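**Q** Below: one structure in structure tokens.
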Amino acid sequence: MARIIYNQWKSTNWATCNSFLNEEMKPVRKDTLWQHENLKKYIYEMTNLRDPNNCIFQIDHIESALSPDLVLFENQLPFFIVMQLFNMTNNSTDSLDDLVRMSVKTFVWVTPGELLGAPFENSREDDIEHLLGLLHYCCCSEFHSMVSPRNIVEIKDKSLKSTKELQEAGIKFKKIEGRNLFNIRFVNGTMEIPTLIIDDDTEFFFRNLIAYEQRPPHTSRNYFTAYNNFLDCLVNTSKDVEILTHHRIIHKVLGDNEVVATMLNKLGNYTIRSDVGYEDVYSKANEHCRGNGMYGWGS
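Okay, here's the thing in structure tokens:
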């Protein structure tokens, strides 16, 4: 239905399809108003818009709970709808970039590590599908710029042994700071991995972004799917989580080691596998192990 509205809007204008929205899309209209008002009141640096008696902004955990709802896969609305409402109510100095910055600030609550890069610059409305798509872009743009120039060749090894097995094969693990969560490297026998925070929102965050990547039409930017596949290789049991936690690669705010292992193993169920961005890591790690006499490694 949202696609029908989008096509109608593109072929005419907002005013022409406004009556259609009013009659047939009351749920969409209500959701759009909710998103718009919360983005402005909750994020925008216009404190006079906030009602001091509004319980949402008086209690921190209620305020932070709004962000996940904004990026829930099935809650997504075409961004042009939110943008058109924004245009009706904004100040003369506000712009699409202002709305994008407001939206990006909501994502801070749900990202489980160093992910958010620079948002859109000189944004065009057609470039933004919806809030979840904007979140995906902000999280993946930095890593995509590093992956794209690489001369990627097909790899023989599309999996890794578990953390425990890699450690037994002589591979070391090191937490890396100041690097995008996806930016994992294998350097001189050491797996360099940025810290992943496991909390209440981690599973929700990954499930929605993996779902976004898996929906048609499929693209090559399946970085959350590829990252999850990498973690699924590293983590088979609670012992693997224990080792990664010891090296501060996993920071648990919620659950014991077994709970974390189960969550990471189930995230990729029923998804199309992707290894994009980690071909070099798989190849070098498995080659290192074979070079240490681990015959049959990587199979």
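With the sequence shown counted from 1, adding 22 to any position gets you my numbering.
Every residue, glycine too, gets a C-beta built ideally from N, C-alpha and C.
What you are looking at is a predicted structure, and each value in this text was computed from that prediction instead of being measured.
Name the DSSP bridge partner or partners of I150?
**A** DSSP output for I150 lists no bridge partner at all.
**Q** Anyone know if the C-beta pair for M285 and E225 falls short of 8 angstroms?
**A** The answer is yes: Cβ separation under 8 angstroms.
**Q** At which residues does the alpha helix (DSSP H) containing V303 begin and terminate?
**A** Taken as a continuous stretch (DSSP letters only), the alpha helix (DSSP H) holding V303 covers 301 to 313.
**Q** Roughly how many whole angstroms lie between the Cα atoms of N287 and P100?
**A** Answer to the nearest angstrom: the Cα atoms are 32 angstroms apart.
**Q** Quick check: what's the CA-CA separation for E190 versus V303?
**A** Each residue's Cα considered, the two are about 18 angstroms apart.
**Q** List the DSSP bridge partners of I198.
**A** DSSP, once it has assigned bridges, lists P216 as partnering I198.
**Q** In whole angstroms, what separates the C-alpha of D254 from that of N109?
**A** Between D254 and N109, the C-alpha separation is close to 44 angstroms.
**Q** Hey, how far is the Cα of K306 from the Cα of N258?
**A** For K306 and N258, the distance between alpha carbons rounds to 21 angstroms.
**Q** Have a look at G299 and N244 and give me their C-alpha separation to the nearest angstrom.
**A** Their backbone Cα atoms lie some 9 angstroms apart in a straight line.
**Q** Just how far apart, CA to CA, sit W36 and I103?
**A** Low per-residue confidence applies at W36: pLDDT is 48, beneath 50, and the placement is therefore not dependable, though the value from the model is reported in the following sentence. Those two C-alpha atoms are separated by around 9 angstroms.
**Q** Roughly how many angstroms lie between the CA atoms of K186 and K261, to the nearest whole one?
**A** Rounded to the nearest angstrom, the two C-alpha atoms are 7 angstroms apart.
**Q** Could you check if K327 is buried or exposed, using at least 16 other CB atoms within 10 Å of its CB as the buried criterion?
**A** What the structure shows of the chain is the stretch from 23 to 321, and residue 327 is not part of that stretch, so it cannot be assessed.
**Q** Using 8 angstroms as the threshold, is the C-beta distance between I206 and I272 below it?
**A** No. Outside cutoff.
**Q** When you compare each of K180, I265, V263, L157 to F129 by their alpha carbons, which one comes out closest?
**A** Comparing Cα positions, the closest option is L157.
**Q** Assuming N279 and E264 make a contact with CB atoms under 8 angstroms, what is their CB distance in whole Å?
**A** 5 angstroms between Cβ atoms; contact.
**Q** In angstroms, rounded to a whole number, what distance separates the CA positions of I215 and E309?
**A** Straight-line Cα distance between these residues: approximately 19 angstroms.
**Q** Going by C-alpha distance, which of M213, V126, P134, I193 is nearest D222?
**A** Of M213, V126, P134, I193, the residue nearest in Cα terms is P134.
**Q** Counting C-beta neighbours from all protein chains within 10 Å, is the total for E67 16 or more, i.e. buried, or is it exposed?
**A** With a pLDDT of 48 at E67, under the threshold of 50, the modelled position of this residue cannot be trusted; read the value that follows with caution. It counts as exposed.
**Q** What does DSSP give as the partner residues of R207 in its beta bridges?
**A** According to DSSP, R207 bridges with E214.
**Q** Does the Cβ-Cβ distance between F228 and N210 come in under 8 angstroms?
**A** Not closer than 8 angstroms, so no.
**Q** Going by alpha carbons, who is nearest to F165 out of K194, F204, F195?
**A** Here the closest residue by C-alpha is F204.
**Q** With DSSP run on the structure shown, which of helix, strand or coil describes I271?
**A** Looking at I271 - three-state DSSP - the assignment turns out to be coil, as it is neither helix nor strand.
**Q** Got a sec, what are the start and stop residues for the alpha helix (DSSP H) L121 sits in?
**A** Per DSSP, L121 belongs to the alpha helix (DSSP H) from 118 to 128.
**Q** Which same chain residues end up closer than 8 angstroms to S242 when comparing Cβ atoms and leaving out the 5 residues on each side of it in sequence?
**A** The answer, listed in chain order, is V298.
**Q** Name the two residues that bound the continuous alpha helix (DSSP H) containing E280.
**A** 279 to 288 is the extent of the alpha helix (DSSP H) around E280.
**Q** H240: buried (16+ other C-beta within 10 angstroms of its C-beta) or exposed?
**A** H240 is exposed by the Cβ-count criterion.
**Q** Suppose the cutoff is 7 angstroms on Cβ atoms and the five residues either side in sequence are ignored; what does the same chain contact list for N230 look like?
**A** Closer than 7 angstroms at Cβ, skipping near neighbours: V93, L94, F95, L154.
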